[in-house]
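2 protein chains.
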Amino acid sequence: MKIRDAAEKTDLTEKTIRYYEDIGLVVPCRRSNGYRDFSEQDVHKLNFLSRARKLGFSVDDCRQLLSLYSDRKRASKDVKRIAEAHLHEIEVKINELSKMQETLQFLVTNCKGNDRPDCPIINDLAGKL
Amino acid sequence: MKIRDAAEKTDLTEKTIRYYEDIGLVVPCRRSNGYRDFSEQDVHKLNFLSRARKLGFSVDDCRQLLSLYSDRKRASKDVKRIAEAHLHEIEVKINELSKMQETLQFLVTNCKGNDRPDCPIINDLAGKL
DNA sequence: CATAAACCTTCTAGTAACTGTAAGGTCAAG
DNA sequence: CTTGACCTTACAGTTACTAGAAGGTTTATG
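One line per chain: the protein sequences are A and B, in this order. Residue numbering for the first sequence follows my numbering, beginning at 29 and increasing consecutively. Residue numbering for the second sequence follows my numbering, beginning at 29 and increasing consecutively.
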């Protein structure tokens with residue numbers, strides 16, 4: 029299967045698929061003309077990557093997950109460990125963003141948003157209270 | 029004031045401050061020996077940047093905010109517009125992360141995390157259900 | 001059959017916002 | 001006078017791609 033079809037089947041771009049080959053994640057065979065030839069197996073892996081990335085796993089996490097995916101003797105605790113670590117990162121990010129959101133919402137609400145210069149947002153950023 | 033002191037007063041690293049000079053955000057004078065010499069004004073601006081970055085504004089947003097900060101004739105609506113756009117981005121990110129969190133939490137909860145290979149996380153990523 | 005469109009290839013550079021490291025100049029203290 | 005703390009620049013690396021250029025191959029059309 030050529031790269032375009034692989035891209036369509038996996039909801040990845042051709043660029044991304046080539047990139048994943050570059051970094052050694054999924055390396056397809058080549059035809060005699062030099063074109064990449066993706067097997068069903070390759071497409072499965074790309075789909076796996078596509079889904080894992082959409083859950084926010086880093087490419088490095090994906091590499092490990094893909095290795096576990098291909099390992100019939102894997103221990104589910106190894107998978108779970110990676111997922112839990114990622115879950116923790118997500119929680120941390122959500123907390124950070126929520127704090128920003130709260131502060132910003134307060135400032136925006138109190139900003140009149142008119143043609144005058146006085147602005148609680150600027151004041152806050154300037155450290156003036 | 030030398031860069032080390034500026035860094036301490038603004039909760040930025042020296043690297044970051046040099047970077048901000050590189051991209052033209054805060055450009056201090058130089059002493060005869062080539063050392064940077066930060067004025068109080070410079071430190072105010074760096075502090076402004078430090079706070080804006082901590083609220084998640086992009087460096088590009090910061091550039092605009094800094095310009096508005098220095099503009100006595102600014103209209104608060106210009107500031108508010110930037111802040112609202114950023115607030116919206118934050119909301120979008122939180123929503124994305126929350127979805128990931130929900131899915132991942134479900135999968136992690138259902139993974140036994142033992143030495144056996146069967147794993148709902150891997151199954152989900154593989155598209156098997 | 002020629003050619004043009006559609007597809008494929010590699011390579012380099014750019015993105016965001018820094019961080020790390022190396023090589024080297026300056027200055028105050030002992 | 002030399003040691004150590006501080007300063008400088010410059011270049012590479014980080015993440016995960018994306019854009020674009022230059023060019024080879026295949027397929028469809030006139």
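Just so it is clear, CB atoms sit at the ideal spot from N, CA and C, and this is done for glycine as well.
Within the continuous alpha helix (DSSP H) that includes leucine 40 of chain A, where are the two ends? Residue numbering aside, residue 40 of chain A sits at position 12 when the first sequence is read from its first letter. Where leucine 40 of chain A is concerned, there is no enclosing alpha helix (DSSP H), given that its DSSP letter is neither H nor E.
Chain A within 8 angstroms of methionine 29 of chain B, Cβ atoms only: On the second sequence, residue 29 of chain B is found 1 positions in, with the first residue counted as 1. No, no contact with chain A.
Between arginine 79 of chain A and lysine 30 of chain A, is the Cβ-Cβ spacing less than 8 angstroms? Position 51 of the first sequence, counted from the start, is the residue given in the question as residue 79 of chain A. Position 2 of the first sequence, counted from the start, is the residue given in the question as residue 30 of chain A. No, the Cβ-Cβ distance between arginine 79 of chain A and lysine 30 of chain A is not below 8 angstroms.
What ranges does the alpha helix (DSSP H) occupy inside the segment 75–124 of chain B, keeping only unbroken runs of at least 4 residues that lie completely in it? 87–97
How many angstroms separate the CA atom of arginine 59 of chain A from the CA atom of glycine 141 of chain B? Taking the first residue of the first sequence as position 1, residue 59 of chain A is located at position 31. Taking the first residue of the second sequence as position 1, residue 141 of chain B is located at position 113. Roughly 42 angstroms separates the two Cα atoms.
With DSSP as the reference, label arginine 58 of chain A as helix, strand or coil. As a first step, residue 58 of chain A is located in the first sequence; it is residue number 30 there, counting from the start. It is a strand residue.
Determine which residues of the segment 87–109 of chain A have a Cβ less than 8 angstroms from any Cβ of chain B, and write them out in chain order. Leu93, Leu96, Tyr97, Asp99, Arg100, Lys101, Arg102, Ala103, Ser104, Lys105, Val107, Lys108 and Arg109
On the criterion of 16 or more Cβ atoms from any shown chain inside 10 Å, does histidine 116 of chain A qualify as buried, or is it exposed? Here residue 116 of chain A is taken as the residue at index 88 of the first sequence, counted from 1. By the 10 Å Cβ count, histidine 116 of chain A comes out exposed.
Assumed close pair cysteine 90 of chain A, leucine 74 of chain A - CB separation to whole angstroms, cut-off 8 angstroms: Locating residue 90 of chain A in the first sequence gives position 62, where the first residue counts as 1. Locating residue 74 of chain A in the first sequence gives position 46, where the first residue counts as 1. The pair is not a contact, with the Cβ atoms about 11 angstroms apart (cut-off 8 angstroms).
With three or more beta-carbon pairs closer than 8 angstroms as the criterion, would you say the segment 113–133 of chain B touches the segment 116–135 of chain A? yes
With 8 angstroms as the threshold, decide whether the Cβ of proline 66 of chain B is near any Cβ in chain A. Residue 66 of chain B sits at position 38 when you count from the first residue of the second sequence. Note on residue identity: the sequence assigns phenylalanine, not proline, to residue 66 of chain B. False, the Cβ-Cβ gap to chain A never drops below 8 angstroms.
Beta carbon proximity, phenylalanine 76 of chain A to chain B, threshold 8 angstroms: In the first sequence, counting from the first residue as 1, residue 76 of chain A sits at position 48. So yes, phenylalanine 76 of chain A belongs to the interface.
Using a Cβ-Cβ cutoff of 9 angstroms, what residues of the segment 130–142 of chain B are near chain A? List them in chain order. Thr131, Leu132, Gln133, Leu135, Val136, Cys139, Lys140, Gly141 and Asn142
Are there three or more Cβ pairs, one per stretch, closer than 8 angstroms when the segment 142–153 of chain B is compared with the segment 47–59 of chain B? no
Residue from A/Asp106, A/Val136, A/Arg102 and A/Leu53 with nearest C-alpha to arginine 81 of chain A: For the purposes of this step, residue 81 of chain A is identified with residue 53 of the first sequence, where counting begins at 1. Checked all of A/Asp106, A/Val136, A/Arg102 and A/Leu53; the closest Cα to arginine 81 of chain A is A/Leu53.
Around the Cβ of glycine 155 of chain B, are there at least 16 other Cβ atoms within 10 angstroms (buried) or fewer (exposed)? For this step, residue 155 of chain B is matched to residue 127 along the second sequence. Exposed.
Look at the Cβ atom of leucine 132 of chain A, then the Cβ atom of leucine 83 of chain B, and state whether they are nearer than 8 angstroms. The residue labelled residue 132 of chain A in the question sits at position 104 within the first sequence. The residue labelled residue 83 of chain B in the question sits at position 55 within the second sequence. Yes, Cβ-Cβ distance for leucine 132 of chain A and leucine 83 of chain B is below 8 angstroms.
Alpha helix (DSSP H) segment containing asparagine 151 of chain A, residue limits: Taking the first sequence and counting its residues from 1, the one referred to as residue 151 of chain A is at position 123. Residues 148–153.
For a contact meaning CB atoms closer than 8 angstroms, what does histidine 114 of chain A contact in chain B? Taking the first sequence and counting its residues from 1, one reaches residue 114 of chain A at position 86. Chain B residues near histidine 114 of chain A: Leu132.
Out of B/Tyr47, B/Ala34, B/Tyr97 and B/Leu94, state which residue places its alpha-carbon closest to the alpha-carbon of serine 67 of chain B. As a working mapping, residue 67 of chain B is identified with position 39 in the second sequence. That would be B/Ala34, whose Cα lies nearest to the Cα of serine 67 of chain B.
Let me know the secondary structure DSSP gives arginine 144 of chain A once reduced to three states. As a first step, residue 144 of chain A is located in the first sequence; it is residue number 116 there, counting from the start. If DSSP states are grouped into helix, strand and coil, arginine 144 of chain A belongs with coil.
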